[in-house]
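Note sheet for the following structure.
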Amino acid sequence: MTNDTDLIISRVDGRTGRLIINRPKALNALSKEMCAIMNDRLIAWAADRAIDRVVITASEGRAFCAGGDVRSINALILEDVRHADDYFRVEYITHSILDTYPKPVISLADGLTMGAGAGVLLHASHPVITDAMDFAMPETAIGLFPDVAASIFLRRAPAAAGLMMGMTGWRIGGGDMLALGITDRGVASADADRLCDAIVALDDNAGLDDLLDSYSREMPDTPVVVALDWINGHFSKASPAAIRSSLEGDDHAMAEKLRLALDTRSPLSIAVTHELLTNEAHHSASIREAIQLDYALACRICRYPDFIEGVRALLIDKDNAPSWMHRRLDDVAAETIAAIFAEDDRPRFDLPADYIPLMTTRVRLRYTPCC
33 MTNDTDLIIS RVDGRTGRLI INRPKALNAL SKEMCAIMND RLIAWAADRA
83 IDRVVITASE GRAFCAGGDV RSINALILED VRHADDYFRV EYITHSILDT
133 YPKPVISLAD GLTMGAGAGV LLHASHPVIT DAMDFAMPET AIGLFPDVAA
183 SIFLRRAPAA AGLMMGMTGW RIGGGDMLAL GITDRGVASA DADRLCDAIV
233 ALDDNAGLDD LLDSYSREMP DTPVVVALDW INGHFSKASP AAIRSSLEGD
283 DHAMAEKLRL ALDTRSPLSI AVTHELLTNE AHHSASIREA IQLDYALACR
333 ICRYPDFIEG VRALLIDKDN APSWMHRRLD DVAAETIAAI FAEDDRPRFD
383 LPADYIPLMT TRVRLRYTPC C
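Numbering (the numbering used here), first residue to last: 33 to 403.
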């Protein structure tokens, strides 16, 4: 049985539901409509006794999913900012469903994985990466912040590595993802199709973990792990401006790129990210709780001009010269950050009523970092 759409291919192979992200020319960026299709399929399969598990992959290309469709969000904001709120609601429902899904979900990410793609990968019960992994949370470059519960999975990383990644959009490969504890299974890209076939061939889910383990391989290249002490020495400073000042004059191999990131990305976004990842008051106990906070923050930060300006500079005019509302990191007022995080009148979203009776609360695996 096959049900294809242009952008999400949905089919059933035996007792396995398959979702294939199929927008390679846009690096499989997720539109609101694509998320809605995924939500409908996932809810239907959750209630279908003929479906034992779900596998999420991408069509051929160099990306699993490069994030949300920020061009469409930009257009929605220009039309009516409340329409952007609805985009985030539909996307965050996708991540919340994956987190609470009553059946195993295997997300197999082969290639570029950023932003919303990280959520589709890491909120599955069984996230699997390949040695072609190229992972980042790049949102501060366009006036947003690392969302999709990044406040949980970036904090799995030891020292200040997750904070460094969130503030600067630093890209890492599969070796660092595994060693930092962001996820725990990696396979060879050449084995990805064979692994999917083996999952489909399972009689039941009893052997799923053993099957995934049998394909797992080490990925030794860990440049961020090697630099953990150095990263922590700078990114443990008390504020974004103090971090930038600390990096000044350092000749470490990573220093120049980090300075450039802090100098060119949205100061507001960097400040929001620093607050989200360092203030324990915002450290959620569950992915679902973290996504609710992210929804409130996303709705609020989109009311500031930096997102429109960031998308213009990076993706529309492509002049790479955004004019941010704050010129320097220390120009962002504490009152501005407090308003974005204020608990009063926080926007919230609800899961679909037909899914709530089906959802489960899993004991989330806490991956053990290298050090």
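A virtual CB, placed ideally from N, CA and C, is assigned to each residue, including glycine. Being a predicted model, the structure only gives us computed values, none of them experimental.
Assigned secondary structure, residue i (DSSP; H/G/I helix, E/B strand, else coil)
{"i": "Thr310", "result": "helix"}
{"i": "Leu212", "result": "coil"}
{"i": "His358", "result": "coil"}
{"i": "Ser433", "result": "As shown, the chain starts at 33 and ends at 403. That puts residue 433 outside it, with no answer to give."}
{"i": "Phe167", "result": "strand"}
{"i": "Pro56", "result": "helix"}
{"i": "Ser277", "result": "helix"}
{"i": "Gly143", "result": "coil"}
{"i": "Val304", "result": "helix"}
{"i": "Phe96", "result": "strand"}
{"i": "Thr48", "result": "strand"}
{"i": "Gly205", "result": "strand"}
{"i": "Gly218", "result": "strand"}
{"i": "Val86", "result": "strand"}
{"i": "Arg187", "result": "helix"}
{"i": "Met33", "result": "Confidence in Met33 is poor, its pLDDT being 42 and thus under 50, which makes the residue's placement too unreliable to answer from."}
{"i": "Val113", "result": "helix"}
{"i": "Arg43", "result": "strand"}
{"i": "Val343", "result": "helix"}
{"i": "Val180", "result": "coil"}
Where residue i falls, given that 16 or more other Cβ within 10 Å makes a residue buried
{"i": "His284", "result": "exposed"}
{"i": "Ala164", "result": "buried"}
{"i": "Pro252", "result": "exposed"}
{"i": "Ser246", "result": "exposed"}
{"i": "Val180", "result": "buried"}
{"i": "Val258", "result": "exposed"}
{"i": "Gly281", "result": "exposed"}
{"i": "Met38", "result": "One detail in the question is off: residue 38 reads as Asp in this sequence, not Met. Label assigned to Asp38: exposed."}
{"i": "Glu307", "result": "buried"}
{"i": "Thr393", "result": "exposed"}
{"i": "Ile214", "result": "buried"}
{"i": "Arg81", "result": "exposed"}
{"i": "Ser128", "result": "buried"}
{"i": "Pro389", "result": "exposed"}
{"i": "Glu123", "result": "buried"}
{"i": "Pro255", "result": "exposed"}
{"i": "Glu341", "result": "buried"}
{"i": "Ile40", "result": "buried"}
{"i": "Asn60", "result": "buried"}
Straight-line Cα distance separating residue j from residue i
{"i": "Ile105", "j": "Asn264", "result": "34 Å"}
{"i": "Phe381", "j": "Arg121", "result": "6 Å"}
{"i": "Gly99", "j": "Leu62", "result": "6 Å"}
{"i": "Ala273", "j": "Phe267", "result": "10 Å"}
{"i": "Ser42", "j": "Lys57", "result": "19 Å"}
{"i": "Thr145", "j": "Ala95", "result": "6 Å"}
{"i": "Ile75", "j": "Leu108", "result": "26 Å"}
{"i": "Ile204", "j": "Ala168", "result": "7 Å"}
{"i": "Ala365", "j": "Ile184", "result": "26 Å"}
{"i": "Arg347", "j": "Asn71", "result": "Before going further, note that residue 347 is Leu rather than Arg in the sequence given. Straight-line Cα distance between these residues: approximately 28 Å."}
{"i": "Lys269", "j": "Asp326", "result": "24 Å"}
{"i": "Val102", "j": "Met391", "result": "29 Å"}
{"i": "Lys350", "j": "Phe339", "result": "14 Å"}
{"i": "Ala211", "j": "Ser271", "result": "27 Å"}
{"i": "His315", "j": "Ala79", "result": "32 Å"}
{"i": "Thr489", "j": "Leu195", "result": "Outside the modelled stretch of the chain, which goes from 33 to 403, sits residue 489, for which no answer is possible."}
{"i": "Ile419", "j": "Asp225", "result": "Residue 419 lies beyond the residue range present for the chain, which begins at 33 and ends at 403; the question has no answer from this structure."}
{"i": "Gly93", "j": "Arg55", "result": "9 Å"}
{"i": "Ile302", "j": "Arg359", "result": "12 Å"}
{"i": "Ile369", "j": "Thr126", "result": "27 Å"}
{"i": "Val304", "j": "Pro159", "result": "27 Å"}
{"i": "Ile319", "j": "Ala156", "result": "11 Å"}
Residue i, enclosing alpha helix (DSSP H) - first and last residue
{"i": "Leu292", "result": "Ala287 to Thr296"}
{"i": "Pro255", "result": "Pro255 to Val258"}
{"i": "Ile231", "result": "Ala224 to Val232"}
{"i": "Ala78", "result": "Lys64 to Ala79"}
{"i": "Val364", "result": "Taken as a continuous stretch (DSSP letters only), Val364 belongs to no alpha helix (DSSP H), as it is neither H nor E."}
{"i": "Cys331", "result": "Ile319 to Ile333"}
{"i": "Tyr387", "result": "No alpha helix (DSSP H) holds Tyr387; DSSP gives it neither H nor E."}
{"i": "Tyr247", "result": "Leu240 to Tyr247"}
{"i": "Leu195", "result": "Ala193 to Thr200"}
{"i": "Ala150", "result": "Ala148 to Leu154"}
Residue-chain proximity (residue i, chain D), Cβ-Cβ < 8 Å
{"i": "Thr126", "result": "The chain inventory of the structure shown lacks chain D, comprising one protein chain alone."}
First and last residue of the uninterrupted beta strand (DSSP E) at residue i
{"i": "His158", "result": "His158 to Thr162"}
Residue i Cβ short of 7 Å to the ligand SAH heavy atom set
{"i": "Pro299", "result": "With respect to the ligand SAH, the structure shown offers nothing to examine, as it has no ligands at all."}
Inset, instruction - Please confirm if the segment 106-116 is in contact with the segment 127-134, defined as three or more CB-CB distances below 8 Å between the two stretches. - result: Flag = no, the segment 106-116 and the segment 127-134 do not touch.
Inset, instruction - Specify whether the segment 288-307 and the segment 204-224 touch according to this definition: at least 3 beta carbon pairs, one from each stretch, less than 8 Å apart. - result: Contact between the segment 288-307 and the segment 204-224 is absent, because fewer than three Cβ pairs lie under 8 Å.
Inset, instruction - Would you check if there are 3 or more beta carbon pairs closer than 8 Å linking the segment 184-199 to the segment 326-335? - result: Cβ pair count under 8 Å is below three, so no.
Legend entry - Any 3 or more C-beta pairs closer than 8 Å across the segment 172-179 and the segment 233-243: With the cut-off at 8 Å, the segment 172-179 and the segment 233-243 do not touch.
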